[in-house]
Amino acid sequence: MRPRASELPAYAELLCRSNFSFLSGASHPHELVDSAQQRGYAALAVADECSLAGVVRAHAQARERGLHLVVGAQFRLVDPQARVGAPPLAGMRLAVLVQHHRGYVNLSRWITVARRRSAKGAYEARVADLEGQVPQAPFLAGLPGCLVLLVVEPGVDLAVWHARAAWLQQWFGDRAALALALHRSPHDAQRVGMVRHLAALTGLAVLAVGDVRMHARSRKPLLDVLEATRLNCRVAEAGAALKPNAEAHLRSRLRLGLLYPPEWLAASVAWAERCTFSLDELSYQYPREIVPQGHTPASWLRALTAEGERRRFPRGTPVAVRATLDKELALIGRLQYEAYFLTVADIVQWARAQGILCQGRGSAANSLVCFCLGITEVDPQRATLLFERFVSAERNEPPDIDVDFEHQRREEVIQYIYRKYGRHRAALTAVVISYRPRSALRDVGRALGFDLDRIAAVARGQQWWDGREIDIERLREHGLDPAAPVCRLWIELTRQLIGFPRHLSQHPGGFLIACEEIAQIVPVENAAMDDRTVIQWDKDDLDALRLLKVDILALGMLSAIRRGIDFIRGKTGRPFDIARLMQRADDPQVFDMLCRGDSVGVFQVESRAQMSMLPRLQPRSYYDLVVQVAIVRPGPIQGGMVHPYLRRRSGTEPADIPTPELEPALGRTLGVPIFQEQVMQVAMIAADFTPGEADQLRRAMAAWKRKGGLGPFYERLVGRMVAKGYDEAFAERIFKQIEGFGEYGFPESHAASFALLVYVSAWIKCHHPDAFLAALLDSQPMGFYAPAQLVRDARAHGVAVRPVDVLHSQWETTLEPPADGPDRHRSPWAVRLG
């Protein structure tokens, strides 16, 4: 008869690594948390090797499951400065557990020190760090606020362990303990006796630990594959490097009670109870130096917004705009995001002062405050954008401002951020590079010993449209028997490995900028690129903890436009200003050109699909370009929205707007929802969703194919619409369109930002095809077409293209004027290749 749960010993697992100990852990953080909770553990410590990369995911899952999560990390120490006669401390393995906030800060700083002194992917945790002998980090002495476990491992004699334990006791006192993992080896009884003796000699407590690598024993084959991959060998060659059995998993309390002395199990719970820190305690502030003396962030933001308001609306601010600005500023103030907006505005102002073209995109285009600050050139009133898509009081996440800069000069902006705030206060966010089907097939296949050429052929056979599915029958195409056990194992382990983190990379431009040292919040390590540092958390981790980042992105078309402007100024001798050009954006010649599908090289509308759509949609205004950018996307296509819109636009079908109250949401697209914001507006108008609920719908819509999650919204949306008198068929159709959007629904704010660049690049191509070609050639690599195709198109527009000539060519492409004559400034100049 199995004992009741109340009769089982209490236990807290304090030594567990996830798959964020890359190639060493065989379970996701959420799997470990779920398994620990199901087994009735009192607590779980996720302690990856010199890393906190997986702890946010564990924290989010533990909070949902109601499990006490202990934040920690483990280290293998080195002692390059060991003195003669000093205790043999090199190779010692420590697990560090955070007690409270100060301890978290010290652990994060130590990880940063250890990572920053090594190349990407490595670390060097020194004994001297913990003795306070590192000049830049004396505060690490004794790691205040942390518990430290000395992990007793086989292969070391008692005298060495005694010396190590004495050192541990000297530096950590009653915060130090011995930790022993028993994995049913023949020497377990001997090791238990040695640890008891060691505890008696030193007075240190002993804790039972599992030294966990996986949540369930079924992951043992995958753990072997990961270890072989780490060692760059086959599983059959790994030998003693592999775990001898599958005991390194989260075991039942019944099994643990049979293995460990009761007092060691009880000690694990007692020590877990000493760790009260939660990631929810992390506080974060943006830099203060962006606010001049005599101002608060709120007053300075209002002052800069008012200044921008006068510039944007020189003839007076419309009443509706004034009301919207007040509403936005009030909400930004209530959520205390003023410093975030000011930080982004400062970066944009600096870039513009250096002559670097930049433009905010994405949800920031929904904001009049961003428009007045110059962060974006999109007037939200002009495109009927939705501020709740950007900031909402009910959203549990900060706003996200993406700013595009010229791709050839973005590095100047990045180095400005480093200079202004210092590397200790500014770092790039991480991107978790995960296994995809092809990479998983390769690594598992190599570890299992398959022929490399056959592995490559099988991996190449995996196509993008297969998603994450691996079809075992395809092995027949490559001469393999799908029924063979080793082939089934290959596919099964590949399926398990897909989605596992492989390593951390740097985000294309997401910066975390802090008022204090970033390492107090999250560890910082070296990126692969020189002069770059990256934190250990990605954007999802930052969102989960409500930390704000700034995206400093690169866009090739901005480089081309800036070069095109320079060429035009050189040709004409007259000033040229994008803002003045966009005040009207109604040049009939430009729209005539686009309606012909003549758009080679034009931003966002140069693909074959866009070229075929242009004559059908017949854009004649800026907002038509907004629709044009968004409509040739999987969302509108899969949602069945393209043909109804085109028929209504051509007049062959009447616009169908069910009720007048939906006119503000659907009127601008003739009753067809094309953008994410329109779905949010329909939900707010027709189903009485709050702005926060509407944003939750948008996020669920973006992730439903990966995670499911649209189900709860079906009852709310359809039920509320029917209750308000809408036809059930219409409500069902709206929901089907939301599903059709899937994760491909295009934001109107994004399309509005891109439509500006569509018009500007089309205007340059239409009126200055010579400058357009020269600018595109000097901005390579970018765009949809090879340089030879761009040259061919320019020649078709009457541009003479001259070859490289050592007597006439410069390093870059140049324009050569035609002979003097009455049309000298109107005729296309010749393009001299460089």
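All residue numbers for the sequence shown refer to this note's numbering, where the first residue is 3 and numbers rise by one.
Just so you know, even glycine gets a beta-carbon here, dropped at the ideal spot from N, CA and C.
Note that the structure is a prediction, hence the values are computed from the model and not measured.
So, residue i versus residue j, is the Cβ gap smaller than 8 angstroms?
i, j, result
"Y420", "I515", "no"
"D50", "A75", "yes"
"L54", "I113", "yes"
"V154", "V197", "yes"
"S20", "G27", "yes"
"H481", "V460", "The sequence as given places Gly at residue 481; His does not occur at that position. In this structure, V460 does not lie closer than 8 angstroms to G481 by Cβ."
"L627", "A802", "no"
"L79", "A92", "yes"
"L180", "L203", "no"
"L34", "C52", "no"
"L370", "L344", "no"
"V526", "R118", "yes"
"A116", "Y125", "yes"
"A777", "F593", "no"
"W173", "E133", "yes"
Starting from residue i, trace the beta strand (DSSP E) in both directions and tell me its first and last residue.
i, result
"A432", "A428 to S436"
"R95", "R95 to V100"
"N234", "N234 -> no beta strand (DSSP E), and no H or E assigned at all."
Could you pull out every residue in the same chain whose Cβ sits closer than 7 angstroms to the Cβ of residue i, ignoring the five residues on either side in sequence?
i, result
"A529", "K122, L430, Q508, T535 and V536"
"I500", "Y437, R438, P439, A442 and R470"
Along the alpha helix (DSSP H) that carries residue i, what are the first and last residues, could you check?
i, result
"L284", "Segment: none, L284 is in no alpha helix (DSSP H) and carries neither H nor E."
"C489", "P487 to L499"
"L361", "The displayed chain sequence assigns Gln, not Leu, to residue 361. Not the alpha helix (DSSP H): Q361 falls in the beta strand (DSSP E), residues C360 to R363."
"A238", "V237 to A240"
"Q630", "Y624 to I633"
"F715", "G713 to A725"
"I580", "I580 to M584"
"W539", "It is not in any alpha helix (DSSP H) - W539 instead sits in the beta strand (DSSP E) that spans T535 to D540."
Less than 6 angstroms between C-beta atoms, sequence neighbours within five positions excluded: which residues of the same chain meet that for residue i?
i, result
"P749", "Q678"
"P401", "F392 and V393"
"A12", "A44 and V271"
"V194", "none"
"H799", "P771"
"I349", "none"
"L170", "L152 and A178"
Taking all protein chains shown into account, do 16 or more other C-beta atoms lie within 10 angstroms of the C-beta of residue i, making it buried, or fewer, making it exposed?
i, result
"R444", "buried"
"M682", "buried"
"D404", "buried"
"P320", "exposed"
"K738", "exposed"
"P656", "exposed"
"M595", "buried"
"A230", "buried"
"W813", "exposed"
"S23", "buried"
"D697", "buried"
"M559", "buried"
"E265", "exposed"
"P31", "buried"
"H70", "buried"
"A611", "exposed"
"T671", "buried"
"E291", "exposed"
Could you please give me the residues that DSSP links to residue i through a beta bridge?
i, result
"H70", "A45"
"P5", "Paired residue(s): none; P5 is not in a bridge."
"L203", "Answer is none; L203 lacks a bridge partner."
"E379", "None; E379 has no bridge partner."
"G512", "D553"
"V211", "A183"
"A832", "E818"
"Q76", "E51 and A97"
"I474", "Answer by DSSP bridge pairing: none, since I474 is not bridged."
"L809", "DSSP output for L809 lists no bridge partner at all."
"E15", "L46"
So, does the CB of residue i fall closer than 8 angstroms to a CB anywhere in chain C?
i, result
"A366", "Structure shown: chain C not included; a single protein chain is present."
Near residue i, which residues of its chain fall below 8 angstroms by C-beta distance, leaving aside the five closest residues on each side in sequence?
i, result
"G451", "R236, V237 and A238"
"P246", "H185 and S187"
"R354", "C360 and G376"
Can you tell me whether residue i sits near the ligand HEM, meaning its C-beta is under 7 angstroms from at least one heavy atom of the ligand?
i, result
"A696", "Absence of the ligand HEM is noted for the structure shown, with no ligands found whatsoever."
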